[in-house]
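Engineer: According to the numbering used here, the sequence shown is numbered sequentially starting from 746.
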Amino acid sequence: MNELTELNKKKILRLALYAGEIMLKNGAETYRVEDTIIRICKSKRLKHVSAFVTPTVIMVSDDRFDGFSFIKTIRSRKTDLNKISLINDFSRDFVSSSMDIETGLRELKKIEKATIYSISTKVIWSGIASAMFALLFGGSLYDFVGAFLISMLAMVVSDKLNQLSETSFLANAAAGVIIGVVSIIFKYLIAPANIDMIIVGSIMPLLPGVGLTNGIRDFISGDLISGLSRVSEAMLVAVSIAVGVGTSLSIWINIGGTL
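#1: In chain order, what residues of the same chain lie with their CB nearer than 6 Å to the CB of S993, ignoring the 5 residues before and after it?
#2: Could you check what DSSP says for F813 in three-state terms: helix, strand or coil?
#3: What is the C-beta distance between M768 and R777, in whole angstroms, given that I count them as a contact (C-beta under 8 Å)?
#4: Among R784, L791, A773, whose alpha-carbon lies nearest the alpha-carbon of L752?
#5: Output the distance between the C-alpha atoms of F833 and I782, rounded to the nearest integer angstrom.
#6: Please classify E779 as buried or exposed, where buried requires at least 16 neighbouring CB atoms within 10 angstroms.
#7: So that I know if they touch, is there some Cβ in chain D lying closer than 8 Å to that of F914?
#8: Output needed for A761: all residues of its chain with C-beta closer than 7 Å, excluding positions within five of it in sequence on either side, in chain order.
#9: Tell me, please, whether the region 865-881 touches the region 897-907 by the rule of three or more beta-carbon pairs shorter than 8 Å.
#10: Measure the C-alpha to C-alpha separation of I856 and F839 and round it to an integer number of angstroms.
#11: DSSP three-state call for I1000: helix, strand or coil?
#12: If I follow the unbroken beta strand (DSSP E) through S806, where does it start and stop?
#13: On the criterion of 16 or more Cβ atoms from any shown chain inside 10 Å, does E847 qualify as buried, or is it exposed?
#14: Restricting to runs no shorter than 4 residues, where is the alpha helix (DSSP H) found entirely within the region 895-981?
#15: Under a Cβ-count criterion, where at least 16 other Cβ atoms within 10 Å of its own Cβ denotes burial, should V802 be classed as buried or exposed?
#16: Could you have a look at A983 and say whether DSSP puts it in helix, strand or coil?
#17: Does N939 pass the burial test, meaning 16 or more other C-beta atoms within 10 Å, or should it be called exposed?
#18: Look at the Cβ atom of G954, then the Cβ atom of A879, and state whether they are nearer than 8 Å.
#19: Quick one: what's got a C-beta closer than 7 Å to D968's C-beta in the same chain, skipping five residues either side?
#20: Below 8 Å, can you find three or more Cβ-Cβ pairs linking the region 970-982 to the region 900-911?
#21: Could you check if S995 is buried or exposed, using at least 16 other CB atoms within 10 Å of its CB as the buried criterion?
#22: Terminal residues of the continuous beta strand (DSSP E) containing F882?
#23: Report the rounded CA-to-CA distance for I861 versus N827, giving the unit in angstroms.
#24: Quick check: the Cα distance between D963 and N771, rounded to an integer number of angstroms?
Below, the structure written as structure tokens:
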């Protein structure tokens, strides 16, 4: 094998790893990430390729004795189905066309930087969704308004803290505290609202529904490590929200307040 061929092999493996990294960081299932990596590699005649993916690490290797191996650690994850869709489209185009590696890397960099919704759009629609859930669970018009405003505030706090730290527990717990405290303020100073309905509606955008679903999907497909990791992460997120809300309500009750 000459030097140029080895260099091309490394570039293909790095390209596949990069595509898998973008997918995993944005909430894709592990089996989908592995399949995309292997398809990209095999489209460029790398037939002996293995990929092992968990929510925190990607390993790609030419599985012959003299092959190359690459490992990428994933430290933060979020849910962005648009980027996953873009990577799926990219992989199909890459496999079915004569796209070269340099062009592929440029396309992946564009996808990584792509933003379909601004933070203001996310916050406003999260507020609307929360308000609708408050009504769905039997809330009043006051609950609708409270969930709308409080959810937007919680989403802003969560987003800012996620930018400052890779620890999602802190961001979700802080958002839970905001929801609990402001719900109490809203009830007693602004409107005769139902705190339960406001809190239930406000926490909906924070709940890890996609992560829990993907974890169960990984279990079904036989990826036991990934399934356990994703389900555990989803449960930890839910616990952090509950800790935040519960702490604020508990303090209020202990100082003599009523719910």
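Note that the Cβ used here is the ideal one computed from N, Cα and C, for glycine as well.
Structural biologist: On the basis of the supplied data:
#1: V922, G925, V926
#2: coil
#3: 7 Å
#4: L791
#5: It should be noted that the sequence gives Asn, not Phe, for residue 833. Going from the Cα of N833 to the Cα of I782 covers about 11 Å.
#6: buried
#7: Judged by its chain identifiers, the structure shown contains no chain D, having just a single protein chain.
#8: I782, I785, C786, V805
#9: yes
#10: 14 Å
#11: coil
#12: 802-807
#13: exposed
#14: 913-930, 940-948, 954-965
#15: exposed
#16: helix
#17: buried
#18: no
#19: T775, Y776
#20: no
#21: exposed
#22: Unbroken run through F882: none, as it is neither H nor E.
#23: 7 Å
#24: 16 Å
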